[in-house]
Amino acid sequence: MINEYEIIETMQMFNKEHLDIRTITMGISLMDCAASTVEESCNKIYDKICRYAGNLVATGEQISKKYGIPIIHKRISVTPIAIVAAACGAKDYTPFAKTLDRAAKTCGVNFVGGFSALVQKGYTESDKILINSIPEALSTTEFVCSSINLASTRTGINMDAVRDMGVIIKKTAEASADRSAIGCAKLVVFANAPEDNPFMAGAFLGPGEPECVINVGISGPGVVKHALEGVKGRDLGVVAETIKKAAFKITRVGELVAREASERLGVPFGIIDLSLAPTPAVGDSVARLLEEFGLETCGTWGTTAALAMLNDAVKKGGIMASSYVGGLSGAFIPVSEDEGMIAAARSGELKLEKLEAMTCVCSVGLDMIAVPGDTTAETISGIIADEMALGTFNNKTTAVRLIPVPGKGVGDSVEFGGLLGTAPIMPVTKTSCAEFIHRGGRIPAPIHSMRN
Amino acid sequence: MEYEKNTAVVTVLGKDRVGIIAGISTLLAEYGINIKDISQTILDDIFTMVMMVDLKDLQIENSDISDKLKALGDELGVQITIQHTGLFNAMHKI
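If you're matching them up, the sequences are chains A and B in order. Take 1 as the starting number for the first sequence in the numbering used here and just add one per residue. Take 453 as the starting number for the second sequence in the numbering used here and just add one per residue.
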């Protein structure tokens with residue numbers, strides 16, 4: 001029998017603490033959509049996505065209604081297009097992005113991820129074509145997200161690709177300059193990219209994944225913050241325990257939704273991604289949650305330690321609540337999408353260098369950070385290289401999603417709207433790393449990757 | 453997790469006033485929903501009522517019961533929600 005206290009606690013999580021399921025993401029393999037012409041391949045892709053995901057949004061809404069749980073996003077991830085398009089002979093993959101966009105619109109989802117390439121060890125011809133298509137693909141579509149895996153612990157870092165992505169990010173910003181460079185908000189580069197990530201912009205369905213799969217991303221920084229408000233002044237062991245309990249409950253909601261979605265859609269359940277994902281709404285912030293540990297501002301000394309503990313305790317609590325955990329599974333710290341991060345960046349207390357340190361102990365990386373429009377391609381590549389090194393050498397996922405906003409400088413801010421939020425332009429160290437970046441080649445895999 | 457029992461929890465949060473229970477039980481009766489248990493309490497000055505109900509064959513998601521309850525809540529100045537019990541079992545039972 002459920003007791004009244006538990007019911008009221010649950011209601012409070014939904015009503016006041018912004019508990020929601022962030023996303024139900026359907027992964028669809030497009031391996032069988034390769035064809036010898038662009039047109040044939042795009043037709044197959046469109047038909048297959050619409051056939052598999054036609055009921056995704058309606059199913060999400062039904063589950064939401066049954067349990068009274070807000071399910072914010074319904075999304076689709078697909079096989080990296082660089083693999084699917086390789087046989088078609090095209091020199092530009094923008095038509096594939098437009099096809100994905102059209103399919104997303106038909107299915108009613110708000111993002112489709114997988115305009116992607118896995119180049120951690122080197123380029124195929126198709127990978128090159130895809131990467132060169134990114135600026136146009138992302139500025140002429142609305143719902144398509146692109147991700148490129150540049151490095152992994154097993155292979156090291158593809159520094160040629162790191163160099164090239166600096167240029168591509170700049171071009172993408174210019175191509176969407178009239179919309180605050182929003183193309184860059186849909187483009188992420190990874191080290192150790194997970195193949196089952198349900199979150200955008202980095203979702204794609206890896207080559208080892210099944211035909212079709214349901215992955216679910218949870219949320220809930222507000223719930224954890226509220227739980228910590230009840231243990232003010234207590235020692236950190238108590239804090240860890242409190243986070244674990246809250247994470248357990250949040251994850252169980254995710255597990256329930258994932259199982260039910262999988263059953264209703266007749267598609268296997270893949271994983272729950274145990275990530276605390278913020279939104280720009282007040283009360284739904286990872287930064288404010290970190291401040292609840294006893295920090296005056298997110299970004300001050302102690303922030304990395306608090307984040308490390310938070311990230312670990314969320315996993316420990318969540319892992320028992322779900323049979324399959326995967327994806328990114330760690331706290332997200334996107335600057336523009338988090339009310340507390342925005343405030344801390346605006347005040348100057350949260351700096352790029354501190355964010356880099358924070359990415360050593362949580363998932364994702366330098367995420368949704370606007371930098372001055374005059375930041376050079378080499379500097380962007382340098383930032384990417386550092387972040388790739390953190391992931392590669394520490395055996396974890398890291399990512400970079402930077403937005404060099406044309407015509408804007410420190411002190412300005414850009415508005416992306418909706419959950420993408422508002423980004424104050426953050427200062428970037430200007431001394432050059434160009435010579436290092438132009439060396440190219442590969443950074444060899446770290447010694448501890450040799451596990452066999 | 454208990455999927456098999458088709459039961460739900462109706463919660464009412466807001467300011468106490470005449471007619472809340474009458475309004476809700478009339479509406480639930482129209483849908484053939486049986487009230488199994490009611491408890492109410494004042495928590496932080498907020499009137500809180502929890503009802504355990506048996507849905508029998510009714511599916512919340514295929515019915516307009518949640519919309520009707522919400523509309524009734526708006527009329528009475530309180531917040532009324534109906535949620536399948538599976539949620540609470542998932543979150544609070546191991």
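The beta-carbon is built from N, C-alpha and C at its ideal position, and this holds for glycine as well. These numbers were taken from a predicted model, which means no experiment stands behind them.
Fill in: Ranges of the alpha helix (DSSP H) found wholly within the segment 22-60 of chain A, counting only runs of at least 4
38-53
Worksheet entry | Residue(s) in a DSSP beta bridge with residue 212 (chain A) | A:28
Practice prompt. Express the C-alpha separation of residue 306 (chain A) and residue 17 (chain A) in angstroms, rounding to a whole number.
Written response: 21 Å
Worksheet item: Which residues in the same chain as residue 299 (chain A) place their Cβ atom closer than 6 Å to its Cβ, once the five residues preceding and following it in sequence are excluded?
Response: 344, 349, 350 and 354
Worksheet item: Taking C-beta to C-beta, are residue 8 (chain A) and residue 480 (chain B) nearer than 8 Å?
Response: no
Worksheet item: Thinking C-beta only, is residue 524 (chain B) closer than 8 Å to residue 471 (chain B)?
Response: no
Item to complete: Kindly indicate which three-state DSSP category residue 535 (chain B) falls into: helix, strand or coil?
Response: strand
Practice prompt. Taking residue 318 (chain A) and residue 251 (chain A) to be in contact with their CB atoms under 8 Å, please state how far apart those CB atoms are, rounded to whole angstroms.
Written response: 4 Å
Fill in: Member of A:40, A:287 and A:302 whose CA lies at the smallest distance from the CA of residue 341 (chain A)
A:287
Worksheet item: Where does residue 501 (chain B) land, buried or exposed, given buried means 16+ other C-beta within 10 angstroms?
Response: Classification of residue 501 (chain B): buried, given that the 10 Å Cβ count is 16 or more.
Item to complete: Confirm, please, whether the CB-CB distance from residue 272 (chain A) to residue 258 (chain A) is below 8 Å.
Response: Yes, these two residues count as a Cβ contact at 8 Å.
Discussion item. List, in chain order, every chain B residue whose beta-carbon is nearer than 9 Å to that of residue 286 (chain A).
Written reply: Here the premise fails: no neighbours, minimum Cβ distance about 22 Å.
Worksheet entry | Partner residues on chain E for residue 62 (chain A), Cβ-Cβ distance less than 7 Å | Chain labels in this structure do not include chain E; the protein chains are A and B.
Discussion item. Check whether the segment 125-134 of chain A and the segment 62-76 of chain A touch, using three or more Cβ-Cβ pairs below 8 Å as the test.
Written reply: no
Discussion item. Between residue 21 (chain A) and residue 69 (chain A), how many whole angstroms is the CB-CB distance? I'm expecting something under 8 Å.
Written reply: 6 Å
Worksheet item: By a C-beta neighbour count over all protein chains shown, 10 Å radius and 16 as the cutoff for buried, is residue 429 (chain A) buried or exposed?
Response: exposed
Worksheet item: Hey, residue 278 (chain A) and residue 221 (chain A) are a contact pair by Cβ (cut 8 Å); roughly how many whole angstroms apart?
Response: 5 Å
Worksheet item: Leaving out five residues before and five after residue 434 (chain A) in sequence, what residues of the same chain have Cβ atoms less than 6 Å from its Cβ?
Response: 378
Discussion item. Spatial neighbours of residue 449 (chain A) within its chain, please: C-beta separation below 7 Å, excluding the five flanking residues on both sides.
Written reply: 153 and 154
Worksheet entry | Nearest to residue 467 (chain B) (by Cα), restricted to the options B:488, B:528, B:511 and B:521 | B:528
Worksheet item: Cα-Cα, which of B:483, B:544, B:526 and B:487 is closest to residue 506 (chain B)?
Response: B:487
Worksheet item: For residue 454 (chain B), does the count of other Cβ atoms within 10 angstroms reach 16, so buried, or fall short, so exposed?
Response: With a pLDDT of 45 at residue 454 (chain B), under the threshold of 50, the modelled position of this residue cannot be trusted, and the question is left open.
Worksheet item: Within the 8 Å Cβ cut-off, does residue 253 (chain A) reach chain B?
Response: yes
Practice prompt. Compile a chain-ordered list of the residues in the segment 7-27 of chain A whose CB is closer than 8 Å to at least one CB of chain B.
Written response: 7, 8, 10, 11 and 15
Discussion item. Tell me the DSSP secondary structure of residue 120 (chain A) in three-state form.
Written reply: coil
Item to complete: For residue 68 (chain A), decide whether its Cβ has a neighbour in chain B, counting only Cβ atoms nearer than 8 Å.
Response: yes
Discussion item. By DSSP's criteria, residue 492 (chain B) is part of a beta bridge. Which residues make up the other side?
Written reply: B:501
Discussion item. Cutting at 6 Å between CB atoms, please list the residues of its own chain near residue 421 (chain A), excluding the five before and the five after it.
Written reply: 280, 336 and 337
Discussion item. Quick check on residue 499 (chain B) - is its C-beta less than 8 Å from some C-beta in chain A?
Written reply: no
Worksheet item: Can you tell which of A:50, A:177 and A:275 has the C-alpha that lies nearest to the C-alpha of residue 112 (chain A)?
Response: The shortest Cα separation from residue 112 (chain A) among A:50, A:177 and A:275 belongs to A:50.
Item to complete: Take residue 29 (chain A) and list the residues in its own chain whose beta-carbon comes closer than 8 Å to its own, dropping the five residues that flank it on each side.
Response: 78, 79, 205, 209, 210, 211 and 212
Worksheet item: Of all the alpha helix (DSSP H) runs that stay within the bounds of the segment 57-90 of chain A, which reach a length of 4 or more residues?
Response: DSSP runs (the alpha helix (DSSP H)) wholly in the segment 57-90 of chain A: 81-84.
Worksheet item: By how many angstroms is the C-alpha of residue 10 (chain A) removed from the C-alpha of residue 538 (chain B)?
Response: 12 Å
Worksheet entry | Classification of residue 15 (chain A) by the beta-carbon crowding that lies within 10 angstroms, buried from 16 upward | exposed
Worksheet item: Just curious, the alpha helix (DSSP H) that residue 172 (chain A) is in, first and last residue?
Response: 159-175
Worksheet item: Could one say the Cβ of residue 65 (chain A) lies closer than 8 Å to chain B's Cβ atoms, at least one of them?
Response: yes
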